[in-house]
Amino acid sequence: MRIGAILHEPTDVQAAADAGLFALLLEPPARPDPADTGCIAAAEVASRTRDCRVVVRLLLGTEHPVTLAEEVAVLDHLSKGRVVVLVDPGELDDAAAAEDIGLLRACWSGRPVRHTGARWTVPSGIMAEALGPAAPKTLAVTPCPAQVDLPVWTSRAVDGSDAPVLAERIEEVDARAQVAVGVAEVTGNLEQDRELVRSWADAGATHLLLKVPTPQSRPTFERGFFTGYIARHLQPEVSMPAFPRIMAESALPAILRGARR
Amino acid sequence: MRFGVGLYCLQSTASTPRHPSVPYRELLEDAPSLEAWGYDGLWLSEHHFFYDGYCPALLPVAAAALAVTTRLRVGTGMMLLPLQEPARVARLAADVAARSGGRLDVGVGLGYRDVEFDGKGIRRQDRVARHRDGLVELERWAVPAGATVWNGSATSKGVARAAARGQGVLLSGANPLSLVTDLAAAHRQGWEDAGRPVPPSGARPRVSALRNVWLTDSPSERLAVLDWQRASYVLYAGLGWSVAEQGSTEAMDFRTNLDKAVAQAVDTSIVGPAEVVLDGLREVHESGVDDVVLRVIVEGAPRDAVHRMLQRFAAEVMPELAPLEHSPSSSPLMPSAAEVTP
Chain A
1494 MRIGAILHEP TDVQAAADAG LFALLLEPPA RPDPADTGCI AAAEVASRTR
1544 DCRVVVRLLL GTEHPVTLAE EVAVLDHLSK GRVVVLVDPG ELDDAAAAED
1594 IGLLRACWSG RPVRHTGARW TVPSGIMAEA LGPAAPKTLA VTPCPAQVDL
1644 PVWTSRAVDG SDAPVLAERI EEVDARAQVA VGVAEVTGNL EQDRELVRSW
1694 ADAGATHLLL KVPTPQSRPT FERGFFTGYI ARHLQPEVSM PAFPRIMAES
1744 ALPAILRGAR R
Chain B
7 MRFGVGLYCL QSTASTPRHP SVPYRELLED APSLEAWGYD GLWLSEHHFF
57 YDGYCPALLP VAAAALAVTT RLRVGTGMML LPLQEPARVA RLAADVAARS
107 GGRLDVGVGL GYRDVEFDGK GIRRQDRVAR HRDGLVELER WAVPAGATVW
157 NGSATSKGVA RAAARGQGVL LSGANPLSLV TDLAAAHRQG WEDAGRPVPP
207 SGARPRVSAL RNVWLTDSPS ERLAVLDWQR ASYVLYAGLG WSVAEQGSTE
257 AMDFRTNLDK AVAQAVDTSI VGPAEVVLDG LREVHESGVD DVVLRVIVEG
307 APRDAVHRML QRFAAEVMPE LAPLEHSPSS SPLMPSAAEV TP
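So the sequences go chain by chain: A and B.
Everything in the first sequence is counted per the numbering used here, starting at 1494 for the first residue and increasing by one.
Everything in the second sequence is counted per the numbering used here, starting at 7 for the first residue and increasing by one.
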């Protein structure tokens, strides 16, 4: 099972990336209204990191899906093809969310887009009179994403979408799926967190995003929380059966002692 | 006088093909270099549904460029405001501005391509109302977060209205200097007519202009530069851009008379050795322009040549012109662009 992190502090991005976490989701600032600016936080992660996946939270219902698709395609190029899209249906019902997700995927396909649904018609035809014979029958959403097939997850089950759902409880993990992703909260208590990640792995999760304590409330570890704790103690625990803990618990080489990350 | 660089359109064109990720990678490499060389800003440009991947989403790109720099400003020149949901785009801009310590210049334009409005399901006839709504939301969200709003109008009335709202303008690189002079004067007049404080008691918003500038001692490079600029303006034939006749200025229609329009645009170029560039930019300053965005990211211009020129310009030209300043203008380091500002 691969471990990633959900961060709230931009200052954590570098440390989390240096620790080798498979993916980072930097949440937008908390506000009373819907947090619909995930592409900005993701762009920051994309430019500050080289290797990890960049998870972008995409809130539906606040913008035209064609515009959202364009933003994600741009992010995919900024990150050199590392984007994972976490679709949050927000206040949309399943039918509406499924239509939006379908339109998003059509926009990312590289095919000419032509869509008629309950919520959207693309191209709209609204300027057909002005465009005359040049009125397009289809739309080219450019640039195409860098990836062949953008990974799309959803934050809740959406009837009509087959995208993997971010499980918030272990019982929700689909152990037969190629990708089964979960989210859990770590505390910094080693025994408790070892048990937590093992439970998710045993249930069949393939990817786990860890919500981490704030920098102020997390325990201190030699080489920091991400390298010294998650990467040293938690990721190895779920990287093989019966991880020999001596690998994580023996004294660090002198050159690494005291390193902050 | 301050200097920015643009326009980064992030394309892969028929004549300069490349992997579509390359311009994004190069932008993120260029941003710290521009900062190190002493430039004040970097400017992006937006279009939609065009074959070459012309960047359709500027704020994520701005966020990425700002995250790898500490002083450089990043501007949208222009972001087509009516094509986005007003409140959401304002929140995006606010987030970028807050994360960067207020280094975002949000240049906004109306948009002009019917196919873009059609793709987004928006009537072109509604663009002014949507633009107005967008400006209200930017003032509500983005300005308090530190963003500076710039206007991309290309008419005297438009720039006067922008000045009355307290916004700077960035004028198109294709504009002849006579039109630049008219628009800069209209901007100052709009500011004063709105009852805004007149310098020296108050600072007015800045007037900036994209200009085709290239510093070179080589006659052969000069010819090559003019050819790159010619090629870069062909793009606007594909996009269907045109400039209406204004006052003493001829129409510039890239759709119906490409050769003439391109020649008009290329004719605005200031290309040559340091004394030619200095004289040309002093003339731009005298026309009422506060700051200049060097239009050097153009079709066919080799990246190493652009970098060499920008470093030399920073060393030889910028120090000479830095002291040039009109009556006090407001603090944002760099201004913003006109509608398409080719």
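Glycine included, each C-beta is placed from N, C-alpha and C at the ideal position.
Amino acids of chain B, ordered along the chain, whose beta-carbon sits closer than 7 angstroms to that of ARG1541 (chain A)
Against the first sequence, residue 1541 (chain A) aligns to sequence position 48. Those within 7 angstroms of ARG1541 (chain A) in chain B are ALA73.
Just list the residues that DSSP pairs LEU1701 (chain A) with in beta bridges. Sequence index remark: in the first sequence, residue 1701 (chain A) carries index 208 (1-based). BP columns for LEU1701 (chain A) point to A:ILE1496 and A:GLY1675.
Rounded C-alpha distance that separates ASP1581 (chain A) from THR1555 (chain A):
Position 88 of the first sequence holds residue 1581 (chain A). Position 62 of the first sequence holds residue 1555 (chain A). If you take the alpha carbons of ASP1581 (chain A) and THR1555 (chain A), they lie about 11 angstroms apart.
Quiz prompt | For ASP297 (chain B): DSSP bridge partner residues | solution = As a working note, residue 297 (chain B) is residue 291 in the second sequence. Answer is B:SER214, bridged to ASP297 (chain B).
query: Once you ignore the five residues that flank LEU1596 (chain A) on each side, which residues in its own chain have a CB closer than 8 angstroms to its CB?
result: Stepping through the first sequence from its first residue, residue 1596 (chain A) is reached at position 103. Same-chain partners within the cutoff: PRO1558, VAL1559, ALA1562, VAL1606, HIS1608, GLY1610, TRP1613 and VAL1615.
Any beta carbon from chain A within less than 8 angstroms of PHE260 (chain B)'s own beta carbon?
Translated into positions along the second sequence, residue 260 (chain B) becomes position 254. With 8 angstroms as the cut-off, PHE260 (chain B) does not count as an interface residue toward chain A.
- [ ] Mark THR82 (chain B) as exposed unless 16 or more other C-beta atoms lie within 10 angstroms of its C-beta, in which case mark it buried.
- [x] For the purposes of this step, residue 82 (chain B) is taken as residue 76 along the second sequence, with counting starting at 1. Label assigned to THR82 (chain B): buried.
>> Helix, strand or coil for MET340 (chain B)? Go by DSSP, reduced to three states.
In response: On the second sequence, position 334 is the one that residue 340 (chain B) refers to. Any reading at MET340 (chain B) must be qualified, since the residue scores a pLDDT of 42, below 50, and its modelled position is unreliable; the value itself is stated next. In this structure, MET340 (chain B) counts as coil in the three-state DSSP scheme.
ask   = Using the beta-carbon of each residue, which ones in chain A are nearer than 7 angstroms to ALA63 (chain B)?
value = Within the second sequence, the letter at position 57 stands for residue 63 (chain B). GLU1563, GLU1564 and VAL1567, listed in chain order.
ask   = In whole angstroms, what separates the C-alpha of PRO150 (chain B) from that of ALA96 (chain B)?
value = Working through the second sequence from its first residue, we reach residue 150 (chain B) at position 144. Working through the second sequence from its first residue, we reach residue 96 (chain B) at position 90. The alpha-carbon atoms of PRO150 (chain B) and ALA96 (chain B) are separated by roughly 11 angstroms.
Note to self: Rounded to the nearest angstrom, what separates ALA1639 (chain A) and ALA170 (chain B) at their Cα positions?
What the structure shows: On the first sequence, position 146 is the one that residue 1639 (chain A) refers to. On the second sequence, position 164 is the one that residue 170 (chain B) refers to. Computed Cα separation, rounded: 43 angstroms.
Exercise for the section: Could you list which residues in chain A have their beta carbon closer than 7 angstroms to that of ILE303 (chain B), in chain order? Expected result: Looking up residue 303 (chain B) in the second sequence gives position 297. None at all; the shortest Cβ gap to chain A is about 17 angstroms.
### Query
Counting Cβ pairs, one atom from each stretch, are 3 or more of them under 8 angstroms apart for the segment 1537 to 1549 of chain A and the segment 107 to 120 of chain B?
no
**OP:** Name, going along the chain, the residues of the segment 1598 to 1625 of chain A whose beta-carbon falls closer than 8 angstroms to a beta-carbon of chain B.
**Re:** TRP1613, THR1614, VAL1615, PRO1616, SER1617, GLY1618, ILE1619, MET1620, ALA1621, ALA1623 and LEU1624
- Which residues in chain A sit within 8 angstroms of ALA70 (chain B), going by Cβ to Cβ distance? In the second sequence, counting from the first residue as 1, residue 70 (chain B) sits at position 64. Chain A residues near ALA70 (chain B): ALA1536, GLU1537, ALA1539, SER1540 and LEU1571.
* Compute the beta-carbon to beta-carbon distance between VAL283 (chain B) and VAL219 (chain B), rounded to the nearest angstrom, for a pair I have assumed lies under 8 angstroms. => Against the second sequence, residue 283 (chain B) aligns to sequence position 277. Against the second sequence, residue 219 (chain B) aligns to sequence position 213. The pair is a contact, with the Cβ atoms about 6 angstroms apart (cut-off 8 angstroms).
Original post:
Going by C-alpha distance, which of B:PRO23, B:VAL323 and B:LEU110 is nearest PRO1533 (chain A)?
Top reply: The residue given as residue 1533 (chain A) occupies position 40 in the first sequence. Correcting the residue identity first, residue 1533 (chain A) is Ile in this sequence and not Pro. Here the closest residue by C-alpha is B:LEU110.
**Prompt:** When the Cβ atoms of the segment 8 to 22 of chain B are set against those of the segment 1723 to 1736 of chain A, are three or more pairs found closer than 8 angstroms?
**Reply:** no
Proximity to LEU264 (chain B) [Cα-Cα], best of B:GLU281, B:LEU241 and B:PRO279
Within the second sequence, numbered from 1, the residue matching residue 264 (chain B) stands at position 258. The residue with the shortest Cα to Cα distance from LEU264 (chain B) is B:LEU241.
Report the partner residues of GLY115 (chain B) according to the DSSP bridge assignment.
Here residue 115 (chain B) is taken as the residue at index 109 of the second sequence, counted from 1. DSSP, once it has assigned bridges, lists B:LEU86 as partnering GLY115 (chain B).
- Query: Whose C-beta lies closer than 6 angstroms to the C-beta of ALA344 (chain B) among residues of the same chain, with five residues either side of it excluded?
  - Reply: Numbered from 1 along the second sequence, position 338 holds the residue referred to as residue 344 (chain B). Any reading at ALA344 (chain B) must be qualified, since the residue scores a pLDDT of 38, below 50, and its modelled position is unreliable; the value itself is stated next. The residues are GLY158, ALA160, LEU176, LEU177 and SER178.
Going by Cα to Cα distance, which pick from A:LEU1689, A:PRO1629 and A:LYS1573 is closest to LEU1643 (chain A)? Within the first sequence, the letter at position 150 stands for residue 1643 (chain A). For LEU1643 (chain A), the nearest C-alpha among the options comes from A:LYS1573.
Next on the checklist: Taking the beta carbon of SER1540 (chain A) as the centre, do at least 16 other beta carbons fall within 10 Å, making it buried, or is it exposed?
Outcome noted: Residue mapping note: residue 1540 (chain A) aligns to position 47 of the first sequence, counting from 1. Label assigned to SER1540 (chain A): buried.
Query - Any chain A beta carbon closer than 8 angstroms to PHE9 (chain B) - result: The sequence position of residue 9 (chain B) within the second sequence is 3, counting from 1. By this cut-off, PHE9 (chain B) is not an interface position.
Check whether the segment 1621 to 1640 of chain A touches the segment 1665 to 1679 of chain A, counting contact only when three or more Cβ pairs, one atom from each stretch, lie closer than 8 angstroms. no
Original post:
What's the C-alpha gap between PRO325 (chain B) and ARG288 (chain B)?
Top reply: Residue mapping note: residue 325 (chain B) aligns to position 319 of the second sequence, counting from 1. Residue mapping note: residue 288 (chain B) aligns to position 282 of the second sequence, counting from 1. Roughly 13 angstroms separates the two Cα atoms.
Worksheet item: Taking 8 angstroms as the CB-CB limit, is HIS1557 (chain A) close to chain B?
Response: Sequence index remark: in the first sequence, residue 1557 (chain A) carries index 64 (1-based). Taking Cβ atoms only, chain B reaches closer than 8 angstroms to HIS1557 (chain A), which makes this a yes.
inquiry  = For GLN235 (chain B), count the other beta carbons within 10 Å of its own beta carbon; 16 or more makes it buried, fewer makes it exposed. Which is it?
reply    = Stepping through the second sequence from its first residue, residue 235 (chain B) is reached at position 229. So GLN235 (chain B) counts as buried.
For VAL1690 (chain A), count neighbouring C-beta atoms within 10 Å of its own C-beta (all shown protein chains included) and say buried if the count is 16 or more, exposed if not. Along the first sequence, one-based indexing puts residue 1690 (chain A) at 197. Flag for VAL1690 (chain A) reads buried.
(message) So the candidates are B:LEU316, B:ARG136, B:VAL290 and B:SER106; which of them puts its Cα closest to the Cα of ASP188 (chain B)?
(response) Here residue 188 (chain B) refers to the residue found at position 182 of the second sequence. Of B:LEU316, B:ARG136, B:VAL290 and B:SER106, the residue nearest in Cα terms is B:VAL290.
- Message: With three or more beta-carbon pairs closer than 8 angstroms as the criterion, would you say the segment 125 to 141 of chain B touches the segment 59 to 72 of chain B?
- Response: no
* Give the interface partners of ILE1533 (chain A) over in chain B, defined as CB-CB distance under 8 angstroms, in chain order. => The residue you call residue 1533 (chain A) lines up with position 40 of the first sequence. Within chain B, the residues near ILE1533 (chain A) are LEU65, PRO66, ALA69, LEU98, ASP101, VAL102 and ARG105.
Separation of LEU1579 (chain A) from HIS1726 (chain A), as counted between CA atoms: Sequence index remark: in the first sequence, residue 1726 (chain A) carries index 233 (1-based). Sequence index remark: in the first sequence, residue 1579 (chain A) carries index 86 (1-based). Taking the straight line joining both Cα atoms gives about 27 angstroms.
For PRO1503 (chain A), decide whether its Cβ has a neighbour in chain B, counting only Cβ atoms nearer than 8 angstroms. Taking the first residue of the first sequence as position 1, residue 1503 (chain A) is located at position 10. Yes, because at least one Cβ of chain B sits closer than 8 angstroms to the Cβ of PRO1503 (chain A).
Exercise. Note down the Cα distance separating GLY1513 (chain A) from ASP310 (chain B), rounded to an integer number of angstroms.
Key: Taking the first sequence and counting its residues from 1, the one referred to as residue 1513 (chain A) is at position 20. Taking the second sequence and counting its residues from 1, the one referred to as residue 310 (chain B) is at position 304. Their Cα atoms are separated by approximately 34 angstroms.
Exercise for review: Provide the residue(s) that pair with ILE276 (chain B) in DSSP beta bridges, ordered along the chain.
Suggested key: On the second sequence, residue 276 (chain B) is found 270 positions in, with the first residue counted as 1. Answer is B:VAL219, bridged to ILE276 (chain B).
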